[in-house]
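Right, one structure below, let's go through it.
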């Protein structure tokens, strides 16, 4: 079922009725979405103009839906979500189920692009419900496809493939060849993640065949890249190159910057594998430039990494260093957990010959460096286990669990050598066949017994294929493994037991895995010895140990409960804030419609009541935004777009904004001339406006009518709050009721309220007016994101003497 764009164009040209024209615009907008998203956006905007002229709110909502889909295709996902939610509000109020189904379809994809998988899943499930009610098999098939994508994004690849195959079967039956091609590509990509090369090629080549037969250019490009990448991994360079060249040749017919970056990166990787450094650099320079232009960080960091390898290959070590630096920087932005310690070392050394040599080998070392970092983290956790408890069972269970993070195994066990028997003292992965506590008789004269060999050699023993090892001894009801590794537990030169690791598939333990296992066995031996000594000492300290254990358990439980309560609180805030957005949008939308209702024109009382509703909706919206800001600050997801800013300009804008409030309360606001003379700071204008607006609003709230607020500033070349760095300090002083000494820090905590909450006014700028208690917490979070400091000073709280307070804000100059 291909999309005939020419037929859709003809339909639009002949549409004279406004409603028919809107439908034709929507159809063409949808048909061009993948080929020309910019034109789709223009068509959606035109449909909105016509719908608004008709004053048909359902069609306005549908127009916003198509505009949101076009914005999403253009990469403007945040804006797309805002427009899409407005459309949802109108269609829910005025549209029918068929229109609602279309709107939820667009929102599901937008949520997915934003990484909001839970919201996307809910949108897909809503579609599934509506398409079932409408008996729309075509849409049900599309929903199953979407559920497959969400499942894989959530880590359940097998369920994702199952959904995708169900969708594929339905689209085959419906004869929609374009969707069939899409599904074959999706399934092929899912198998890429599972590492099943045979199925990647099987589904990818079938999809490519469909795309070629139906002349689906964009699908041919995507599938050529997928199949070519798998050919590249298999070392089939000529076949891979043919697919990449084909994708590159097709791009002018269906331009997509993301596809272009991808294929250029793959061509660069192919050239590197062929040791064609100059050619690789030619491709990868284009990929890096285009990746930066469109802001695709995922492709960009891979292109930078390969570019560094290319520079190293042609002897350009300085270039290699620079691209590895950029690669690391972008990867940090994508994953937000990479350490820059190594790069700082290279920054100091890169001018030396040693640094050039290191840069040349950096690509080969990167994977092992990542592994070492993971190992360091795991060993750190092991160290924490050692210091936290000496209980043998607890230690060894956690050792086996942590070992599984760096060495893959299906069954693991720690066995101690006691009285010519091996005793299972810790196991992991055995299921119902748990041998914990079992003791194995060992024939010390059997030189082929695996433990005897380990005991005598004091070295690891790896058996690649257990079935081929004639002396393997079956243990009880345990299934025989396919590959096995045994590591001696050695303390003071004596073997005290063995670490046993088994794999159920024929997959020998490589040398690196053996080295890692030895490191863990050494740690396990120390832990076991310490635990055994502890068992002897514990007889003399039974009562004390019981008390310590109880206290430790209480603290751990209390900490876990507090942590759970905190997570629940933040999850509730985040979910509630998101859930409130739609009803608030509906409230605002209805209010705007009522304002234009001719029935209300000239009825001042009703209009005043309506103004109150609008004001309440705006207040609710501000509270929701505050809650979302708090969750971003707490999760460290607050992004800062720094630019040079004039503080005098900011306060000038705020003076105008607050003029009416100040006049109503009879308050004076004076911005001292010292502020105008301050140097520029680098900061996010919107974020800093939020900070100073909060500080001024706070001063207004706690200053009685007729009081004075003063803003002063100074420049300090060595500000103590910034560790001796140059800083710009701004102080907001008021003649208000002041702050008690014990509250000077508490006021910056979330939800902290001064006074009796039940006595508070609901007005933001009324004297002692109430609020959600997050304003100062947000302000401090924003300031700290700018690497600045925010604190308060006051002589105390007194509503009669009015001791006043001062808020100090320092930003790096």
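Residue numbers (my numbering): 1211 to 2023. C-beta: ideal position from N, C-alpha, C; glycine also. Just so we're clear, the structure is a prediction, and the values are computed from it rather than from any experiment.
So the candidates are the options; which of them puts its Cα closest to the Cα of residue i?
i	options	result
residue 1536	1526, 1512, 2019, 1335	1512
residue 1607	1734, 1618, 1687, 1650	1734
residue 2003	1815, 1312, 2010, 2019	2019
residue 1690	1673, 1701, 1700, 1697	1673
residue 1821	1800, 1701, 1866	1800
residue 2001	1949, 2012, 2010, 2008	1949
residue 1237	2017, 1257, 2016, 1978	1257
residue 1298	1274, 1320, 1319	1274
residue 1917	1426, 2011, 1232	2011
residue 1641	1688, 1611, 2014, 1872	1688
residue 1865	1903, 1340, 1419	1903
residue 1369	1348, 1397, 1342, 1389	1397
residue 1254	1264, 1756, 1266, 1272	1272
residue 1524	1503, 1489, 1504, 1540	1489
residue 1854	2023, 1422, 1220	2023
residue 1958	1372, 1986, 1526, 1947	1986
residue 1486	1447, 1610, 1411	1447
residue 1945	1387, 1951, 2008	2008
residue 1406	1425, 1381, 1421, 1371	1371
Tell me where the beta strand (DSSP E) around residue i begins and ends.
i	result
residue 1693	1693-1701
residue 1671	1671-1673
residue 1944	1935-1944
residue 1706	1704-1713
residue 1651	1649-1651
Taking the alpha helix (DSSP H) that residue i belongs to, which residues open and close that run?
i	result
residue 1953	Per DSSP, residue 1953 belongs to no alpha helix (DSSP H) and is neither H nor E.
residue 1684	Looking at the DSSP string, residue 1684 is not in any alpha helix (DSSP H), and its letter there is neither H nor E.
residue 1427	1427-1443
residue 1918	Element bounds for residue 1918: not the alpha helix (DSSP H) but the beta strand (DSSP E), 1918-1929.
residue 1635	Element bounds for residue 1635: not the alpha helix (DSSP H) but the beta strand (DSSP E), 1631-1638.
residue 1420	1407-1424
residue 1319	1307-1323
residue 1216	1215-1224
residue 1350	1347-1363
residue 1870	1857-1875
Closest Cβ-Cβ distance between residue i and chain D: below 9 Å?
i	result
residue 1472	Included in the structure is just one protein chain, with no chain D present.
Closer than 6 Å by C-beta to residue i: which residues in its own chain qualify, once you throw out the five before and the five after it? Chain order, please.
i	result
residue 1954	2002
residue 1417	1391, 1394, 1395, 1433
residue 1943	1920, 2016
residue 1376	1354
residue 1218	1237, 1238, 1241
residue 1469	1431
To which residues of the same chain is residue i closer than 8 Å at the C-beta, ignoring the five residues directly before and after it?
i	result
residue 1453	1434, 1435, 1437, 1438, 1441
residue 1344	1307, 1308, 1311
residue 1923	1857, 1882, 1884, 1885, 1887, 1888, 1938, 1939, 1940, 1941
residue 1494	1474, 1475, 1478, 1513, 1516, 1517, 1520
residue 1804	1810, 1820
residue 1770	none
residue 1727	1613, 1617, 1670, 1695, 1697, 1709, 1711, 1719
residue 1699	1624, 1626, 1705, 1706, 1707, 1708, 1709, 1731, 1734, 1735, 1738
Taking 7 Å as the limit between beta carbons, can you name the residues of its chain near residue i, skipping five residues before and five after?
i	result
residue 1650	1631, 1632, 1685
residue 1270	1258, 1261, 1262, 1300
residue 1320	1278, 1282, 1287, 1290, 1291, 1294
residue 1225	1231, 1234
residue 1450	1438, 1441, 1442, 1480
residue 1356	1318, 1334
residue 1997	2022
Could you give the C-beta distance for residue i and residue j, rounded to a whole number, given that I count them as a contact under 8 Å?
i	j	result
residue 1521	residue 1498	Contact doesn't hold; Cβ gap of about 12 Å is too wide.
residue 1400	residue 1362	6 Å
residue 1471	residue 1413	At roughly 24 Å, the Cβ-Cβ gap does not stay under 8 Å, so residue 1471 and residue 1413 are not in contact.
residue 1827	residue 1797	5 Å
residue 1707	residue 1670	So it is not a contact: roughly 14 Å between Cβ atoms.
residue 1840	residue 1993	So it is not a contact: roughly 14 Å between Cβ atoms.
residue 1350	residue 1342	7 Å
Does the region 1927-1944 touch the region 1892-1901, meaning 3 or more C-beta pairs lie closer than 8 Å? no
Taking 8 Å as the threshold, find out whether the region 1911-1920 comes into contact with the region 1873-1885 through three or more Cβ pairs. yes
Touching by the beta-carbon criterion (3+ pairs, under 8 Å), the region 1881-1895 and the region 1859-1868: yes
Quick test of the definition: if touching needs 3 or more C-beta pairs under 8 Å, does the region 1447-1464 touch the region 1417-1432? Counting Cβ pairs under 8 Å, three or more are found: they touch.
Just checking, does the region 1226-1243 make contact with the region 1274-1283 on the three C-beta pairs under 8 Å criterion? Taking 8 Å as the limit for Cβ pairs, the verdict is that the region 1274-1283 does touch the region 1226-1243.
Between the region 1707-1724 and the region 1617-1629, do at least 3 Cβ pairs fall closer than 8 Å? yes
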